[in-house]
Every structure is written in structure tokens, then in C-alpha cells.
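*Asks:* First the structure, then my questions, so here it is.
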Amino acid sequence: NMERYMWAFDGVTFNALTAPIPFRQDERVRITLINDTMMAHPIHLHGHFFELVNGDRDHNMFQPRKHTVIVQPGGSATFDLTANEPGDWAFHCHLLYHMHAGMMQVVTVRPFPEEGK
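Each residue of the sequence shown is one higher than the one before, counting from 2 in my numbering.
What follows is the structure, encoded as C-alpha cells:
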């Protein structure tokens with residue numbers, strides 16, 4: 002909601018997160034962004050490209066590859082991501098005012114832990 006610039010990931014608001022959002026290296030994830038505000042939000046994930054899920058049955062051929070997606074007011078956007086770049090990456094609204102007001106978080110990509118360690 003725009004009064005508080007709240008984002009949530011798996012139901013936890015970003016300002017309540019005490020650590021980066023963890024992805025395992027080479028993990029394939031599907032992310033759905035829901036915009037309950039009256040403003041468009043260009044959402045950007047550094048270090049990765051993702052494929053927009055657009056309802057095409059042959060999604061491997063026709064999903065556009067992006068690094069930023071505009072989530073329209075009252076709308077949603079879904080994308081598939083292969084977390085293949087290890088490190089810490091900014092995940093944020095590209096409108097600076099929104100980013101500075103809290104619409105930003107860090108995604109961390111780490112290898113799977115080795116068994117027995």
C-alpha cells in the first residue's frame with residue numbers, strides 16, 4: 002500500500018526482514034508481484050534476466066526476457082528466474098522516491114550447501 006510503501010515476500014513485509022531474500026544458485030523460481038496501489042511500479046532485479054510468464058502455452062519460446070517489469074496499478078506480473086549469478090543483488094522499484102521510501106530489498110544467491118558440511 003502506497004501510504005506505507007510496503008512490500009512483502011512470502012507474506013513477510015520487507016521492512017520486517019532482517020536478512021536478504023535467499024535463493025540457491027541455479028534454483029528456478031517463479032515470482033508473482035501484486036500491485037495493490039494506484040501507481041505503476043517498474044520493478045528491477047540487478048544481476049539477472051528473467052522470463053515474463055505471459056500465458057503462452059509454449060512458454061519456453063515466447064516468454065520475453067527482462068530485467069525490469071512494470072507492474073500496473075491494481076495488476077500483477079509473474080516471472081520465472083534462474084538464480085545463476087551468485088552474490089547479493091538489489092531488488093527494487095525503479096522510481097527513486099519509492100526505493101528510498103522502502104521499496105527495496107537484497108536478494109542473495111548462494112550455492113547449495115555441500116552434504117556433510
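Just so it is clear, CB atoms sit at the ideal spot from N, CA and C, and this is done for glycine as well.
Note that the structure is predicted; figures quoted are calculated from it, not measured.
1) Output the distance between the C-alpha atoms of L96 and P65, rounded to the nearest integer angstrom.
2) Taking DSSP as the reference, what is the three-state secondary structure of H47?
3) Could you check whether N36 and P87 sit closer than 8 Å to each other, using their CB atoms as the reference points?
4) Looking at the secondary structure, which residues open and close the beta strand (DSSP E) in which L97 lies?
5) Determine the DSSP secondary structure at V17, reduced to helix, strand or coil.
6) My guess is that L82 and F51 are in contact by the Cβ rule of under 8 Å, so how many angstroms apart are they, rounded?
7) Using the rule of at least 16 other Cβ atoms within 10 Å of the residue's Cβ for burial, across every protein chain shown, is M39 buried or exposed?
8) How about T109 and P23: do their beta carbons lie closer than 8 Å?
9) Could you give the distance in angstroms between the alpha-carbon of A20 and the alpha-carbon of N55?
*Replies:* The relevant details are as follows:
1) When rounded, the distance between both Cα atoms is 22 Å.
2) Coil.
3) No; because the gap between Cβ atoms is not below 8 Å, this pair is not in contact.
4) Careful: L97 lies outside any beta strand (DSSP E), inside the alpha helix (DSSP H) at 97-101.
5) The sequence given here places Ala at residue 17; Val does not occur at that position. Helix at A17.
6) Between F51 and L82 the Cβ distance is about 4 Å, and since that is below 8 Å, they are a contact.
7) Result: exposed.
8) Contact: yes.
9) Distance between the alpha carbons of A20 and N55 is about 31 Å.
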